[in-house]
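2 protein chains.
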Amino acid sequence: MPAKTNDPAKKTWLPVPLHSDFPIQNIPFGVFLTREDVITIGTRIGDHAIDLGALHQLGYFEGIPLTDDIFLQDTLNDFISDGKKTWRLVRNRISEIFDKNNATLQHNEEHKKIVLFTMDEIEMQLPVLIGDYTDFYSSKEHATNVGKMFRDPENALLPNWLHIPVGYHGRSSTIVPSGTPIYRPIGQTFPKGAETPVFGPSKLVDFELEMAFITTDANVLGESIPVDEAEDYIFGMVLFNDWSARDIQKWEYVPLGPFLAKSFASSISPWIVTMDALEPFRVESPKQEPTPMPYLQQNGKKSFDIHLQVDIAPENDEPTTVSKSNFKYMYWTMAQQLAHHTINGCKINSGDMMGSGTISGPTSDSYGSMLELAWQGTKPLTLKNGQTRKFIEDGDTVTIKGHCEKNGIRIGFGEVSSKLLPPFKSKTK
Amino acid sequence: MPAKTNDPAKKTWLPVPLHSDFPIQNIPFGVFLTREDVITIGTRIGDHAIDLGALHQLGYFEGIPLTDDIFLQDTLNDFISDGKKTWRLVRNRISEIFDKNNATLQHNEEHKKIVLFTMDEIEMQLPVLIGDYTDFYSSKEHATNVGKMFRDPENALLPNWLHIPVGYHGRSSTIVPSGTPIYRPIGQTFPKGAETPVFGPSKLVDFELEMAFITTDANVLGESIPVDEAEDYIFGMVLFNDWSARDIQKWEYVPLGPFLAKSFASSISPWIVTMDALEPFRVESPKQEPTPMPYLQQNGKKSFDIHLQVDIAPENDEPTTVSKSNFKYMYWTMAQQLAHHTINGCKINSGDMMGSGTISGPTSDSYGSMLELAWQGTKPLTLKNGQTRKFIEDGDTVTIKGHCEKNGIRIGFGEVSSKLLPPFKSKTK
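Quick mapping for you: the protein sequence lines, in order, are chains A and B. Read in order, the letters of the first sequence are residues 1 to 429 in the UniProt record's numbering. Read in order, the letters of the second sequence are residues 1 to 429 in the UniProt record's numbering.
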């Protein structure tokens with residue numbers, strides 16, 4: 001079904017800049033504020049945002065079972081609830097409407113005025129209301145690096161890691177879209193050599209290079225999702241920066257896990273790229289040894305070849321690329337994560353988000369956090385402007401980009417880019 | 001302001017059974033399905049549920065700034081967003097309407113038919129859409145008991161425990177109201193003596209006696225809530241059973257905390273008792289030594305004297321009370337928990353829920369979990385029917401009750417009661 005829509009030969013009548021992340025083969029979904037201050041659901045081709053609410057009102061989705069207001073909403077949750085069949089029908093229809101050989105909208109200037117926006121006319125919003133957010137810890141390289149630094153270099157991986165896609169519940173209320181500035185968190189830490197914990201701004205603010213997937217309603221309370229069906233419940237993926245305060249984390253996280261070290265903010269890219277758009281970029285995931293339990297076993301290409309990059313730009317200065325990684329390094333797949341998440345009967349809703357965990361590659365220039373890149377501050381990175389970084393400093397903008405590329409087609413995620421500000425002026429005494 | 005509404009001398013024209021949790025001084029808020037299959041927001045006096053949506057339509061809340069549909073909703077979130085002043089105006093008005101000396105509704109048979117339901121005519125729902133759920137770990141006795149069992153009896157409390165109200169993010173999607181049956185979760189465990197992890201139903205399903213509070217919108221991203229203001233953002237409290245699978249927890253929880261061991265289900269009592277109703281039952285919380293950091297310091301009576309009880313009833317058999325505890329044992333107060341939760345700028349929304357953590361008292365008959373009551377299975381409890389319990393068995397119903405009592409007035413929470421069923425018949429291979 002997605003084959004035709006993914007056809008590399010397909011061209012659109014909209015302009016698509018060279019190396020754009022958003023050719024007609026992508027068709028991501030997002031939510032934006034228009035120039036008239038209206039919130040709508042939309043897609044993007046090249047540098048044009050397309051108002052799907054308006055397209056639907058104009059009758060372009062005729063024949064597809066959609067409620068009248070499905071795109072006139074401030075989140076994608078209801079559309080995602082409609083399920084995979086409907087996502088695909090809509091994606092295919094959008095592909096037809098903007099096909100170079102389709103004259104209907106192409107030559108209707110009145111409709112085009114209503115439907116099309118340039119990217120600078122709109123403001124991207126959070127695409128979904130995230131009911132529950134879970135973060136996994138599924139990069140073996142990352143878990144190994146952290147284990148080496150904080151536990152035992154000889155037994156870096158904990159005993160459960162190769163058996164379980166380890167994960168934890170995160171905070172939904174502070175997930176913000178790209179462009180939202182982040183405040184340096186304050187809190188308790190226990191610095192080396194101190195006799196009691198100290199209070200103040202975190203000194204070790206870090207990014208985490210992650211991706212995340214968005215689910216649809218998948219089960220009822222008590223029901224598990226088989227690993228072979230899990231992909232059907234994944235709507236799409238975004239780039240994800242899981243901001244972390246390493247010093248707060250170190251003092252608080254035993255025994256119940258990271259809490260305030262993470263919940264001050266997490267940033268996502270605003271366009272959800274569908275699994276159908278990513279289909280041509282499937283790759284095998286790393287060999288799993290020992291063989292996982294049956295409920296986690298799967299065959300075939302269950303990962304995706306997604307090039308990832310992290311840039312740091314000091315205030316008013318040019319960016320330096322500090323890491324190049326790839327989603328394909330993930331040890332546990334999304335299907336395995338979802339099967340594991342529901343093996344206990346945990347209910348999954350439309351708009352739930354699940355992070356991959358930090359995506360570190362095998363080499364030191366492919367690590368997914370400053371903690372690893374600068375190895376606990378022992379190997380500071382040098383930026384283009386000559387400054388060094390052990391962690392993120394106030395005024396720095398961290399930008400994660402990601403894209404797939406094959407047969408001349410590039411399907412990208414755009415970026416998640418956020419500036420770290422000094423601590424919020426708090427009312428706290 | 002609440003003084004008049006809390007007056008012990010106040011009587012209502014509705015019948016209130018002896019020892020009822022719901023005298024006219026309580027006025028809790030909940031959501032229920034009526035005999036006409038309509039969902040509405042309501043309150044309860046004695047064994048009558050009162051339809052606030054209907055009362056509002058009939059003009060009984062005239063003069064209070066409320067939108068027309070504020071009670072015609074399937075969650076309390078919007079009403080809670082209206083803030084403390086409005087909660088209080090509504091509570092006071094309800095108190096007036098049902099005052100023995102007020103004839104208006106009392107003698108309007110037509111209105112009474114529309115507004116009043118007996119409890120057996122309605123079905124209680126989840127009172128709020130819980131955006132984010134956080135669980136704390138704030139009973140010193142519980143943390144000490146767990147530390148003794150799983151870590152070092154000599155150093156049972158972890159170093160951060162006396163400095164931080166330790167907490168973690170939980171799963172919102174599986175919080176269910178009293179009466180919803182729970183399925184025994186399946187998953188991975190690593191039993192003592194095994195060489196590899198095993199798969200199957202949890203063998204150590206436990207309850208956790210907790211209470212939880214529900215918040216209103218409190219801050220913007222980045223902003224902290226001062227401990228002295230924190231109580232203003234708490235709408236009310238419920239009873240909370242934080243179902244736990246001890247064997248799953250043991251294998252999965254290092255290093256990121258409890259995950260599937262908790263997320264299979266958590267149960268709450270359906271009526272939210274407001275902080276105004278609890279006002280007369282304030283007590284001092286335990287002395288905190290060492291003195292907490294300034295952002296956690298507070299004076300006065302910041303805890304509440306709430307009697308708690310846990311009963312276990314085997315299938316078709318009478319209940320046995322297995323624990324009697326009290327909310328006042330909590331080391332960290334709700335205000336401290338909320339101040340800590342936001343010290344990093346974490347945004348708190350209307351309908352967020354925060355659990356106390358297991359509430360264990362100082363004696364072995366006041367512990368808040370089977371893990372502690374039967375001390376890791378070494379001291380099985382004997383039920384009235386002669387059976388013993390180390391943990392919860394299929395068919396058992398666990399019921400938590402809670403109430404305050406002073407000057408002849410009893411303000412109660414009703415109960416959270418849930419039956420444990422065998423594992424869900426899963427599609428998983």
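Yeah, the Cβ is synthetic: ideal placement off N, Cα and C, and Gly gets one too.
Can you confirm whether residue i, when its beta carbon is compared against all beta carbons of chain B, has any partner nearer than 8 Å?
i	result
A:Trp375	no
A:Lys347	yes
A:Ser417	no
A:Gly361	no
A:Lys73	Sequence check: residue 73 of chain A is Gln here, not Lys. No, no contact with chain B.
A:Arg171	yes
A:Asp365	no
A:Ala265	yes
A:Pro23	no
A:Leu420	no
Using 8 Å as the limit for Cβ to Cβ distance, is residue i near chain A?
i	result
B:Ala335	no
B:Glu231	no
B:Thr428	With a pLDDT of 47 at B:Thr428, under the threshold of 50, the predicted position of this residue should be treated as unreliable, though the coordinate-derived value follows. At least one chain A Cβ lies under 8 Å of B:Thr428.
B:His19	no
B:Gln249	no
B:Leu260	yes
B:Asn26	no
B:Pro255	yes
B:Glu279	no
B:Phe213	no
B:Tyr168	yes
B:Asn160	yes
B:Asp132	yes
Which residues in chain A have a C-beta closer than 8 Å to the C-beta of residue i? List them in chain order.
i	result
B:Leu157	None at all; the shortest Cβ gap to chain A is about 11 Å.
B:Asp152	Near B:Asp152 there are no residues of chain A at all, since even the closest Cβ is about 13 Å away, more than 8 Å.
B:Met293	Gln188, Pro197 and Phe199
B:Gly83	Under the 8 Å cutoff, chain A gives no residues; its nearest Cβ is about 17 Å from B:Gly83.
B:Glu252	Asn160, Ile164 and Val166
Residue i and residue j: beta carbons closer than 8 Å?
i	j	result
A:Lys415	A:Ile392	Reading off the sequence, residue 415 of chain A comes out as Glu, not Lys. Not a contact, by the Cβ cut-off of 8 Å.
A:Ser224	A:Thr342	yes
B:Ile130	B:Leu33	no
A:Ile41	A:Gly351	no
B:Gly295	B:Val227	Rather than Gly, the amino acid found at residue 295 of chain B in this sequence is Tyr. Yes. Within cutoff.
B:Gly355	B:Phe259	no
B:Gly402	B:Gly412	yes
B:Asp47	B:Pro28	no
A:Leu221	B:Ala265	yes
residue 457 of chain A	A:Gly408	Coverage of chain A is limited to positions 1 through 429, which leaves residue 457 of chain A absent and any answer about it impossible.
B:Ile306	B:Met370	no
A:Asn344	B:Gly83	no
B:Gly170	B:Gln337	no
A:Leu383	A:Arg184	no
B:Pro197	B:Trp251	yes
Please go through the same chain and pick out, in chain order, the residues whose beta-carbon is closer than 8 Å to the beta-carbon of residue i, but skip the five residues on each side of it.
i	result
B:Leu157	Lys140, Ala143, Thr144 and Gly147
A:Thr291	Gln297
B:Leu126	Val31, Thr75, Ile175, Val176, Pro177, Ile268 and Pro270
B:Ala374	Pro380, Leu381, Arg389, Lys390 and Phe391
B:Ile272	Pro28, Phe29, Gly30, Leu76, Pro127, Val128, Ile214, Phe235, Gly236, Met237 and Val238
Tell me which same chain residues have a C-beta within less than 7 Å of the C-beta of residue i, skipping the five on either side of it?
i	result
A:Trp161	Ala143
B:Thr428	Confidence at B:Thr428 is low in this model, with a pLDDT of 47, below 50, so the placement of that residue should be treated as unreliable; the coordinate-derived value is given next. Once the five neighbours on either side are set aside, B:Thr428 has no close Cβ partner at all.
Please list, in chain order, all residues of the same chain as residue i whose beta carbon is under 6 Å from its beta carbon, the five residues on each side excluded.
i	result
B:Lys113	none
Can you list the residues of chain A that residue i reaches, using a CB-CB cut of under 7 Å?
i	result
B:Gly222	Tyr183 and Phe424
B:Pro197	His163
Taking 7 Å as the cut-off, is the CB of residue i close to at least one heavy atom of the ligand ADP?
i	result
B:Glu318	As presented, the structure is devoid of all ligands, the ligand ADP included, so that no description of it is given.
So residue i contacts chain A; which residues on that side make the cut at Cβ distance below 9 Å?
i	result
B:Gly395	Neighbours of B:Gly395 on chain A: none; closest Cβ ~16 Å, over 9 Å.
B:Phe235	Neighbours of B:Phe235 on chain A: none; closest Cβ ~16 Å, over 9 Å.
B:Ile343	Pro185, Ile186, Gly187, Gln188, Phe199, Leu260, Ser426 and Thr428
Mind listing the chain B neighbours of residue i? Cutoff is C-beta to C-beta under 7 Å, in chain order.
i	result
A:Thr174	Leu221, Cys346 and Lys347
Determine the chain B residues that contact residue i at a beta-carbon separation under 8 Å, and present them in chain order.
i	result
A:Tyr137	Leu256
**Request:** Determine contact between the segment 280 to 296 of chain A and the segment 320 to 330 of chain A, defined as no fewer than three beta-carbon pairs at a distance below 8 Å.
**Result:** Remark: three or more beta-carbon pairs, one from each stretch, lie closer than 8 Å, so the segment 280 to 296 of chain A and the segment 320 to 330 of chain A are flagged as touching.
**Message:** Does the structure place the segment 48 to 64 of chain A close enough to the segment 84 to 95 of chain A that three or more beta carbon pairs sit under 8 Å?
**Reply:** Cβ pair count under 8 Å is three or more, so yes.
**Request:** Count the C-beta pairs between the segment 298 to 309 of chain B and the segment 272 to 284 of chain B that are closer than 8 Å, then say yes if the count reaches three, no if not.
**Result:** The segment 298 to 309 of chain B, when compared against the segment 272 to 284 of chain B, does touch it at the 8 Å Cβ threshold.
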